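Numbering (this note's numbering), first residue to last: -6 to 78.
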């Protein structure tokens, strides 16, 4: 069964095909004029060993970590505790 997730750049990836997830890294983002755009985050995701099967995903901290939680199968937000009457 395929489990498609949407990457921050708009592409889709079958989460069941992910073979490895690299270390998430941060970097300073700059525009064409050299103005500071804040901190960007990236992570390398591989669906197989060849280089053609590797994807470098770039986005904000929230986008990257939400995507990683989705791939790993953990809920994006903690579920509210069940209230029993």
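For glycine and all other residues, C-beta sits at the position ideal for the given N, C-alpha and C. Values in this document were obtained by computation on a predicted structure and should not be read as measured data.
- Per the DSSP secondary-structure output, residue 57 pairs with nothing in a beta bridge.
- About 13 Å separates the beta carbons of residue 42 and residue 15, which is beyond the 8 Å limit, so they are not a contact pair.
- Rounded to the nearest whole angstrom, the CA to CA distance from residue 20 to residue 57 is 13 Å.
- Look at the segment 10 to 36 and you find these whole runs of beta strand (DSSP E), each 3 residues long or longer: 18 to 23.
- Listed as beta-bridge partners of residue 50 by DSSP are 36.
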